Amino acid sequence: MSQTKTSTSPPAAEEESGLGVRHALVVLSLLWAVALMPIVSMLSGNAQSLVAIHYRTTQIAWFTLSTALVGTFATPFVMKAAAMYGKKRIMVVIAVCGLAGDLVAALSTNYETLLVGRSIAGIYGPAAPLAYSMARDVFPRRLVGPASGFLGGSVGLVGLGGPFLSGWVIDHHGFRGALWFMVISTVVCLALLLAFVPESPVRQERTRMDWLGGLLLGGGLTAIVYGIGEGSTWGWTSGKFLSYIGVGLLALIVFLVVESRVANPLLPLSILTRRPVWTVLLATAVSSGAILASGLLTQLLALMPKIPHVSGGLGWSATKNAVVLAPMSVTTILMAVLAGALARRIDTRILLGAGGVLTAVGFGLGSQLHETVPQFAIWGLIVGPGVGLVMAITPIMIIGTVAPEEQALANGTQFLIQGVAQGVFIQLVFVVIARHGAVVQGTQFYLDSGFTNGLWLISGLCAVGAVLVLLAPRVKRLDDTVVGQAVG
C-alpha cells in the first residue's frame with residue numbers, strides 16, 4: 011500500500027524558536043553519519059602502507075577498494091529499502107552491518123579476514139545520502155536549508171581535521187589503532203541515531219526489489235575490476251584475463267536486458283538515454299572518480315618507506331603528510347564555497363571543464379615534482395581549486411539537468427557510476443605503479459618511476475573528464491534556489 015508523509019507539523023513555538031536543542035542534536039547525529047565514510051576512507055588510505063608491510067601482501071589495493079565497491083553496489087538497494095521501510099530504520103541496519111565488519115577487520119589475524127571485514131563495513135557507505143534525505147523529512151521547512159548546509163559543511167571539517175586526526179591515530183597506535191577507531195566511530199554513529207534521530211514519516215509504495223539486476227551489475231563490474239587488477243600478473247592476452255573481462259561484460263549486457271523489462275529497475279534507463287543526462291553523468295563520474303583514486307596514490311607515495319632500489323616512497327609520517335596537504339585542503343574548500351556563486355553567473359560546463367584542466371595540470375606537474383615538501387605544495391595549490399570545482403559543480407549540474415522529481419534518482423545514479431569509475435581507476439593505478447616495483451618478503455613496493463607514471467595516469471584521466479564536458483549540452487541557468495538545493 012502506498013504511504014505518504016503522516017507526521018504533524020512541529021508546534022508553533024518550536025517553529026519560531028529556530029534551531030532548538032532537539033533539532034541541534036538531530037543535526038549533530040546526522041552530521042556524524044555523513045562524515046563517517048570519509049573519515050574511514052581517510053584512515054584506510056593512510057593505513058594502507060602499514061597494512062601492506064605487516065601482512066606482506068601484493069594486493070593492498072583491495073584494502074580500500076573492497077569497501078568502496080560494496081558501498082557503491084549497496085547504495086541502490088539501501089535507498090530503495092529506506093524509501094519503503096523508513097530511513098532511520100535502514101540507517102540503523104546498515105550501521106549495525108558496518109559495525110560487524112569493523113569488528114571483523116579489527117580482530118583479524120590475516121589479510122583475507124581483514125578484507126572480509128572491510129567489505130562488510132562497506133554496507134554503511136550509503137549513510138551519507140540517507141542522512142541528507144532525512145534532513146528534508148524531519149525538520150520544519152524553514153530549517154531544512156540551514157540543516158542541509160550544516161551537513162554539507164562536514165566535507166570541510168573532514169577535509170581539514172580528518173588528515174590530522176588519522177595522522178595522530180596511525181602515528182601513535184599503528185594501523186590496528188585505525189581499525190579500532192573505525193569501530194568506535196561506528197558505535198558512536200549508531201548510538202546517536204538510536205538516541206536522537208526520529209524516524210522519517212515519508213514512505214513510498216512497497217515494490218519488488220530488483221535483486222537480479224543488482225547481482226548482475228555488481229558481479230559483472232567486480233569481475234572486470236578484478237580482472238584489470240590481475241591482468242599484469244596473468245598476462246593481458248591470457249585466457250584467465252579474457253574470461254574475467256568477457257564474463258563481466260556478458261553480465262552487464264544481461265543486466266541491461268533485465269533492466270529494460272522489470273517494472274522497478276535498479277537504474278533508470280529511461281532517463282539515462284537522454285543526452286543531457288548521460289553526458290553529464292559520464293563527465294562528472296570520470297572527473298570525480300579520477301580525483302578520488304588519486305588520494306590512494308598520493309598517500310602511498312608519502313607514507314611508503316624510502317628504500318634505495320626497492321621503494322620510492324617518501325617515508326613521511328601520517329601527521330607530516332597532513333601538514334603538507336593542508337594548503338591543498340584549504341584551497342579545495344574555498345573553491346567549493348565559491349563555486350556556488352560562480353554557477354549563478356558562468357556556464358557550469360566551463361566550471362567543470364576548468365576543474366578538470368586544473369587537476370590534470372596539477373597532477374601532471376606532480377609527476378615531476380614530488381620529492382620535497384615545497385614541491386608538493388606547488389602542485390597541490392593547483393590541484394586543490396580544481397578538486398573544489400569538480401566536487402561542487404557535479405551536483406549542481408545534475409540538478410540542472412533533470413526534473414525535480416528525478417533529482418534523487420539522478421544523484422544516486424551518478425554516485426553509482428562514480429564509484430564504478432573510481433574502482434576501475436584505482437586498479438589501473440596499481441597496475442601502472444606495480445610495473446616499476448619489487449616484491450620483497452611478500453610485500454609489493456613501488457619505485458619512483460612507478461609513482462611518476464601513476465600521477466601521469468591520474469592527470470590523463472582528469473583531462474579525459476574535462477574533454478567529456480564538451481559532449482554535454484548547456485545546462486539551464488541556475489538560480490539561487492537550485493544552487494542551494496545542490497549544495498545542500
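Residue 407 in the working numbering sits at position 397 of the sequence shown; the count goes up by one each step and never skips.
Positions of the beta carbon are idealized from the N, C-alpha and C atoms, including for glycine.
Quick caveat, the model's predicted, so the values are computed rather than measured.
- [ ] Please check the pair threonine 85 and glycine 135, which I expect to be a contact at CB under 8 Å, by giving their CB distance rounded to whole angstroms.
- [x] 7 Å
Task: Length of the line joining the Cα atoms of threonine 308 and valine 334 - done: 12 Å
Task: Contact check, serine 297 vs glycine 475, beta carbons under 7 Å - done: yes
TODO: Hey, could you find the ends of the alpha helix (DSSP H) tyrosine 95 is sitting in?
DONE: 71-95
- [ ] Kindly list the residues whose CB is nearer than 8 Å to the CB of arginine 484, restricted to its own chain and excluding five residues on each side of it in sequence; keep chain order.
- [x] Asp357, Arg359
Task: CB-CB length for glycine 366 against alanine 78, believed under 8 Å - done: So it is not a contact: roughly 21 Å between Cβ atoms.
- [ ] Go ahead and pull the three-state DSSP assignment for serine 321.
- [x] strand
TODO: Could you check which residue in Arg218, Val193, Pro211, Ala91 has the C-alpha nearest to that of arginine 146?
DONE: Pro211
- [ ] Apply the 10 Å Cβ neighbour rule to glutamate 122 and answer buried if 16 or more other Cβ atoms are within range, or exposed otherwise.
- [x] exposed
Open item on the list: Let's test the definition: count the other Cβ atoms within 10 Å of the Cβ of leucine 204 and tell me whether it reaches 16, buried, or not, exposed.
Closed with: exposed
Task: CA nearest to the CA of isoleucine 392, picked from Ile443, Pro337, Val114, Gln437 - done: Pro337
Open item on the list: For valine 207 and lysine 330, which I take to be in contact (beta-carbon distance under 8 Å), what is that distance rounded to the nearest angstrom?
Closed with: At roughly 38 Å, the Cβ-Cβ gap does not stay under 8 Å, so valine 207 and lysine 330 are not in contact.
TODO: Using the DSSP secondary-structure output, state which residues sit across from lysine 316 in a beta bridge.
DONE: Gly322
Open item on the list: Assuming glycine 325 and proline 318 are in contact, meaning their beta carbons sit under 8 Å apart, how far apart are those beta carbons, in whole angstroms?
Closed with: Between proline 318 and glycine 325 the Cβ distance is about 12 Å, and since that is not below 8 Å, they are no contact.
Open item on the list: My output table needs one value for alanine 448: the three-state DSSP class, helix, strand or coil.
Closed with: strand
Task: Pairwise C-alpha distance: tryptophan 288 and isoleucine 281 - done: 8 Å
Open item on the list: So for glutamine 432, helix, strand or coil by DSSP?
Closed with: helix
- [ ] Pick out whichever of Leu38, Val126, Ala131 has its Cα sitting closest to the Cα of valine 103.
- [x] Ala131
TODO: Would you tell me roughly how many angstroms separate the C-alpha atoms of isoleucine 70 and alanine 62, rounded to the nearest one?
DONE: 6 Å
Task: Same chain, Cβ closer than 6 Å to leucine 276, five either side skipped, listed in chain order - done: Pro86, Asp220, Gly223, Gly224
Open item on the list: Taking DSSP's pairing of strands, which residues face threonine 453 in a bridge?
Closed with: Val450
Open item on the list: Among Tyr236, Leu266, Ser270, Gly245, whose alpha-carbon lies nearest the alpha-carbon of tyrosine 254?
Closed with: Tyr236
Open item on the list: Using a Cβ-based criterion (distance less than 6 Å to any ligand heavy atom), does alanine 295 qualify as near the ligand COA?
Closed with: Judged by which ligands are present, the structure shown has none, so any question about the ligand COA falls away.
Task: As assigned by DSSP and simplified to three states, the class of alanine 482 - done: coil
Task: Limits of the alpha helix (DSSP H) - the one that valine 207 falls within - done: Here valine 207 belongs to no alpha helix (DSSP H), and DSSP marks it neither H nor E.
Task: Coil, strand or helix - glycine 299 by DSSP - done: helix
TODO: Could you give the DSSP three-state label for serine 248: helix, strand or coil?
DONE: coil
- [ ] Report the rounded CA-to-CA distance for phenylalanine 185 versus glycine 256, giving the unit in angstroms.
- [x] 37 Å
TODO: Counting only the same chain and skipping the five closest in sequence on each side, list residues whose C-beta sits under 8 Å from that of alanine 93.
DONE: Val212, Arg213, Gln214
Task: DSSP-derived helix/strand/coil call for phenylalanine 149 - done: coil
Open item on the list: Considering Cα atoms alone, identify which of Met52, Thr67, Tyr142 is closest to phenylalanine 191.
Closed with: Met52
Open item on the list: Less than 8 Å between C-beta atoms, sequence neighbours within five positions excluded: which residues of the same chain meet that for isoleucine 388?
Closed with: Leu375, Leu379
Open item on the list: Report the start-end ranges of each alpha helix (DSSP H) in the segment 319-384 that is 4 residues or longer and not cut off at the edges.
Closed with: 328-352, 358-378
- [ ] Kindly indicate the opening and closing residues of the alpha helix (DSSP H) around glutamine 214.
- [x] Looking at the DSSP string, glutamine 214 is not in any alpha helix (DSSP H), and its letter there is neither H nor E.
Task: alanine 349, buried or exposed, once every other Cβ within 10 Å from all chains shown has been counted against 16 - done: buried
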